[in-house]
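Trainee: Protein chains in written order, with our numbering: chain H, 1 to 342; chain V, 1001 to 1297.
#1: Look at the Cβ atom of residue 1044 of chain V, then the Cβ atom of residue 1215 of chain V, and state whether they are nearer than 8 Å.
#2: Would you mind sorting residue 276 of chain H into buried or exposed? The rule is 16 or more other CB atoms within 10 Å of its CB.
#3: My guess is that residue 89 of chain H and residue 118 of chain H are in contact by the Cβ rule of under 8 Å, so how many angstroms apart are they, rounded?
#4: Using a Cβ-Cβ distance under 8 Å, would residue 1226 of chain V count as near chain H?
#5: Got a sec, what are the start and stop residues for the beta strand (DSSP E) residue 169 of chain H sits in?
#6: For residue 127 of chain H, which residues in chain V fall below 9 Å Cβ to Cβ?
#7: Can you pull the DSSP bridge partners for residue 1202 of chain V?
#8: Classify residue 141 of chain H as buried or exposed, calling it buried when 16 or more other Cβ atoms lie within 10 Å of its own Cβ.
#9: State the DSSP-derived secondary structure class of residue 1281 of chain V, mapped to helix, strand or coil.
#10: Hey, quick one: how far does the alpha helix (DSSP H) through residue 1103 of chain V stretch, first residue to last?
#11: Along the beta strand (DSSP E) that carries residue 1146 of chain V, what are the first and last residues, could you check?
#12: My output table needs one value for residue 1267 of chain V: the three-state DSSP class, helix, strand or coil.
#13: Check whether the Cβ of residue 218 of chain H lies closer than 8 Å to any Cβ atom in chain V.
#14: At a CB distance below 7 Å, what residues from the stretch 1011-1039 of chain V approach chain H? Give them in sequence order.
#15: Would you mind sorting residue 1065 of chain V into buried or exposed? The rule is 16 or more other CB atoms within 10 Å of its CB.
#16: With a threshold of 8 Å, are at least 3 pairs of Cβ atoms found where one atom belongs to the stretch 1096-1110 of chain V and the other to the stretch 102-112 of chain H?
#17: Where does residue 206 of chain H land, buried or exposed, given buried means 16+ other C-beta within 10 angstroms?
#18: Can you find the residues in the same chain that come closer than 7 Å, C-beta to C-beta, to residue 1063 of chain V, ignoring five residues on each side of it along the sequence?
#19: Around the Cβ of residue 304 of chain H, are there at least 16 other Cβ atoms within 10 angstroms (buried) or fewer (exposed)?
#20: Could you list which residues in chain V have their beta carbon closer than 7 Å to that of residue 264 of chain H, in chain order?
#21: Here's the rule: buried if 16 or more other CB atoms are within 10 angstroms of the residue's CB, otherwise exposed. What is residue 1278 of chain V?
#22: Please confirm if the stretch 276-289 of chain H is in contact with the stretch 241-252 of chain H, defined as three or more CB-CB distances below 8 Å between the two stretches.
#23: Below 7 Å CB to CB, which residues in the same chain sit around residue 293 of chain H once its five sequence neighbours on both sides are set aside?
#24: Per DSSP, residue 272 of chain H forms a beta bridge with which residues?
#25: Does any residue of chain V have a CB that is nearer than 8 Å to the CB of residue 9 of chain H?
#26: Can you name the residues that DSSP bridges to residue 1290 of chain V?
#27: Kindly confirm or deny that the stretch 172-181 of chain H and the stretch 51-61 of chain H touch, where touching means at least three C-beta pairs closer than 8 Å.
#28: For a contact meaning CB atoms closer than 7 Å, what does residue 234 of chain H contact in chain V?
#29: What did DSSP end up calling residue 112 of chain H once you bin it into helix, strand or coil?
#30: So if I threshold CB-CB distances at 9 Å, which residues from the stretch 111-125 of chain H count as touching chain V?
#31: Could you compute how far the alpha carbon of residue 37 of chain H sits from the alpha carbon of residue 23 of chain H?
#32: Output, in sequence order along the chain, the residues in the stretch 1193-1223 of chain V whose CB is closer than 8 Å to any CB in chain H.
#33: Buried or exposed: which applies to residue 190 of chain H, given that a residue is buried once 16 or more other Cβ atoms fall within 10 Å of its Cβ?
#34: Run through chain H and tell me which residues come within less than 9 Å of residue 1246 of chain V, C-beta to C-beta.
#35: Give a yes or no on whether the minimum CB-CB distance between residue 1288 of chain V and chain H is below 8 Å.
#36: Any heavy atom of the ligand MG closer than 7 Å to the Cβ of residue 1198 of chain V?
If you want it as structure tokens, here you go:
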């Protein structure tokens, strides 16, 4: 289930192709006793990218093929320009009926996490949220879905033994986008949805864009500011660091509740759950609720004056020191390009 | 206007323990709380009830009174369109009744506990199904509000799932709600997405899942607590709901937990002290060398 915005295919789609390719290959490698039907390319299962939208960029659709889709099913209508749960679900259900997929994966995005449960209920399918790992069980060919629960404190492996399709939403940035292979061949199937599927009791009136350029969930690096910053006037210190790194700016709950940054910046239990390649906590003490929203990050770095701050218990690297002294030096070093050498 | 809020009792996140041998979560002896993200839904519902009452009062020229109904009589249609009430609904073990009492202490009119051993082990599909049936039994509602997700399961699937079973629209991640119009209101809501807020209008009835930004939860009052203690909370089980027992519980759930495990803790924090110019420079160099070199553009 690829995603588009303003007609352009989003990166999560390429990550999903990466997952899909892996699964398609494993499904054949471990053929089940009742025999899996082999279709399409080579000897593996067919991988289709489905995309709903309006006037979707054709090059982007071709790119989906270059990144591993055997076919692209594009359903377009003015009513599908933006995500609205009812028409999107109705179209998906038609496609499920027509193509009978074994597995459907979508991004664990605001769209995927709304659309997929709506569809799964009506399709009577098993759905697992926010997966960070997908695999195929030998013998049975069932999809094995690994996901964090209870704020990342435990991991669960879930399967759907008796129901089809098997559905998952996949955490963005939990895998790399599938590489592009020029001249890879595949089919683009353009479908027009039937009018009856396009009705919606929700209407989009307007859109208010974020003040930040980088969204928290999509950034490779997130710089998170905590209460150690002491006052709103000091936030620019951390923002400058984030900007110099091309990182998104996040904040702990304390900072949000004091009104120093707006809610979309909040990382933690009652804010965003993030897992960037690199998390940098500045003056973040690391309350359990905060850790729940970031401990699955690939690397964690913390700068805090309190050597016993709980953030260090989940960090890979910690600088124990005064952030007002350390951060300016760090920002300057980055601006001077220390990491670009060699 | 009748508002139903679906709430869940969850273990306190920091006290979650795992039985390493059996690979199951230990729930006994762990403090159970109202899902923290449900508090925003609870508050929102109470505020909407107040807004609606004042809208109606303005229209009809007299103060409309909020009456509290016992949940068992809820199915009876409220003829007085000016009446508004908030009903809490929760599915869980018998002790989850305390979550409903807390909502009543905050200002809910009544609560219904959905509890039956046959429902235990239901996944999000089956839970949505059972809750949708219970909501149908309450009936005559304008809004169902849920928290964004529960902090134990972390799925966020039950809100949209309920909507799908009820064939109603759902707006997820709602950060702001405006009630427009008097006796036949519609909603104008902001929906928090990755790159901003969608502004959506939605007809009623509908289902909303809300995020923290939507409201600031009030504390229960002493009077509220006393009222909560007195309020009788009906328990609905398999005989009270029109549910197909083959579609609930562990066996009726499409998904199955194969195993749970504790994530590998491979992190060992290398701590460096930065107290003067020299050590700060060293620390920063090390950080840059280890973590930034490969990542930056």
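Cβ atoms here follow ideal geometry from the backbone N, Cα and C, with glycine treated the same way.
Mentor: Here's the rundown:
#1: Yes, Cβ-Cβ distance for residue 1044 of chain V and residue 1215 of chain V is below 8 Å.
#2: buried
#3: 5 Å
#4: It does not: the Cβ of residue 1226 of chain V has no partner Cβ on chain H nearer than 8 Å.
#5: 166-170
#6: The contacting residues are 1123, 1124, 1125, 1155, 1157, 1161, 1254 and 1255.
#7: In DSSP, residue 1202 of chain V forms a bridge with H:202 and V:1187.
#8: buried
#9: helix
#10: 1097-1106
#11: First-last of the beta strand (DSSP E) with residue 1146 of chain V: 1143-1147.
#12: coil
#13: Cβ-Cβ to chain V under 8 Å: yes for residue 218 of chain H.
#14: 1013, 1014, 1016, 1018, 1025, 1036 and 1037
#15: A caution first: residue 1065 of chain V carries a pLDDT of 41, below 50, which makes its placement in the model unreliable, though a value can still be read off. The residue is exposed, with fewer than 16 neighbouring Cβ atoms inside 10 Å.
#16: no
#17: exposed
#18: Confidence in residue 1063 of chain V is poor, its pLDDT being 40 and thus under 50, which makes the residue's placement too unreliable to answer from.
#19: buried
#20: At a C-beta separation below 7 Å, residue 264 of chain H has these neighbours in chain V: 1192.
#21: So residue 1278 of chain V counts as exposed.
#22: Yes: the two stretches touch, three or more of their Cβ pairs being nearer than 8 Å.
#23: 267, 268, 269, 271, 272, 273 and 274
#24: H:267
#25: no
#26: Answer is none; residue 1290 of chain V lacks a bridge partner.
#27: Contact between the stretch 172-181 of chain H and the stretch 51-61 of chain H is absent: fewer than 3 CB-CB pairs across the two stretches fall below 8 Å.
#28: Residues of chain V passing the Cβ test: none, with the nearest at roughly 18 Å.
#29: Here residue 112 of chain H carries a helix assignment [DSSP, helix/strand/coil].
#30: Taking a C-beta cut-off of 9 Å against chain V, the contacting residues of the stretch 111-125 of chain H are 111, 113, 114, 115, 116, 117, 118, 119, 120, 121, 122, 124 and 125, listed in chain order.
#31: Caution applies to residue 37 of chain H, whose pLDDT of 49 falls short of 50 and renders its modelled position unreliable; the model cannot decide the point.
#32: Of all residues in the stretch 1193-1223 of chain V, only 1193, 1194, 1195, 1196, 1197, 1198, 1199, 1200, 1201, 1202, 1203, 1206, 1211, 1212 and 1213 come within less than 8 Å of chain H when Cβ atoms are compared, listed by chain position.
#33: exposed
#34: The premise fails here: residue 1246 of chain V is roughly 12 Å from chain H at the closest Cβ pair, so nothing lies under 9 Å.
#35: yes
#36: The ligand MG is absent from the structure shown, which contains no ligands of any kind.
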